[in-house]
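Here's the structure we're looking at; comments come further down.
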Amino acid sequence: LSRPSTARQPLRPEVLVTLPVRDEASRLVESLRVLARALDGAGFRYRLSIAEDGSTDGTKELLDQLPALFPGLVVQQHTDSLGRGKALRMLWSEVEADVYCFTDTDLATGPNAVVDAIRHVLDGEDIVVGSRYAPGAEVHRPPLREVVSKVYNGLLRFTFREPIRDHQCGLKVFSASA
1 LSRPSTARQP LRPEVLVTLP VRDEASRLVE SLRVLARALD GAGFRYRLSI
51 AEDGSTDGTK ELLDQLPALF PGLVVQQHTD SLGRGKALRM LWSEVEADVY
101 CFTDTDLATG PNAVVDAIRH VLDGEDIVVG SRYAPGAEVH RPPLREVVSK
151 VYNGLLRFTF REPIRDHQCG LKVFSASA
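Per the UniProt record's numbering, the sequence shown starts with residue 1, numbered consecutively.
See the structure below:
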């Protein structure tokens, strides 16, 4: 005779929000605080995570202290630099979620844009790519860099016939099925 288990299973996070970091000791704690404040009021379950990628500035030492400040924080460290993509894939292969998000530690798009992008995926989009060129966005870069960025993004849109306006933006959100 078998019975279903009555033990409570922990709820998996709906959203895993990852900061890919390399040499970000000076801003990591504040960025996590700002991001957590925005996500706390968003109305969905989330878990913060860090994909550390071979830092040399004291970030690794700081990571040991962070779980006490941010309960549930997932930290994955690498002694060598793997690159952002591989570091993210390794972390995401170990943590199940409905939605996976990464944003640069400088939070250049702002924490509210992170929440909005996640909501779009929770509402049915497969992939959301942030853009520093979205209506109302403020970009503060030297004019030459601005021109080069717009030409680069325009060439990619033309060549690959896809609608992404800002390929280098550090905010991307994916459904688990994507």
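Note that beta-carbon positions come from the ideal geometry of N, C-alpha and C, so glycine has one too.
Note on the UniProt domain "Glycosyltransferase 2-like" (19–176): whole alpha helix (DSSP H) runs with a minimum of 4 residues are 28–40, 59–63, 66–69, 84–92, 111–122 and 143–160, in chain order. Contact check between the segment 41–57 and the segment 76–88: three or more CB pairs, one atom from each, fall below 8 Å, which counts as touching. About 5 Å separates the Cβ atoms of residue 25 and residue 62, confirming a contact at the 8 Å cut-off. With respect to the C-alpha of residue 73, the residue from 103, 47 and 115 having the closest C-alpha is 47.
Taking 8 Å as the cut-off, the beta carbon of residue 14 is found closer than this to the beta carbon of residue 99. Residue 20 is classed as buried because its beta carbon has at least 16 other beta carbons within 10 Å across all chains shown. By the criterion of a C-beta distance shorter than 8 Å, residue 170 is surrounded in its chain by 102, 103, 104, 106, 108, 109 and 130, once the five residues flanking it on both sides are discounted. Its chain contains 126 and 127 as the residues whose beta carbon lies nearer than 8 Å to that of residue 178, once the 5 sequence neighbours on both sides are disregarded; these appear in chain order. When 174, 69, 60 and 58 are compared, the shortest CA-CA separation from residue 123 is found for 174.
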